[in-house]
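First the structure, in the form of structure tokens, and then the observations on it.
Residue numbers (the numbering used here): -2 to 84.
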């Protein structure tokens, strides 16, 4: 999605720490081929706006990160087991 001319060119960066108490909600706008996903916690909320293709890319990025993190954790666990066996 490219920036519409009526939007300002300023960019704001924000961060969200996700915990087990984080709440998620969404709204669908099927006629516009878009949806919003709200990440809500005690410190505030962030709403992600996106068209289907962009939300699909976000989903795929999260799937990739989860797989990489799981593999990295597995490698650490295997290294720890190998180190204990060598000792």
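Every residue, glycine too, gets a C-beta built ideally from N, C-alpha and C.
Between residue 3 and residue 21, the alpha-carbon positions lie close to 29 angstroms from each other. With a cut-off of 8 angstroms on Cβ pairs, the region 7 to 22 is in contact with the region 32 to 52, counting three or more such pairs. Contact between the region 71 to 80 and the region 44 to 58 is absent, with fewer than three C-beta pairs closer than 8 angstroms.
For residue 53, the uninterrupted alpha helix (DSSP H) run begins and ends at 49 to 83, by DSSP.
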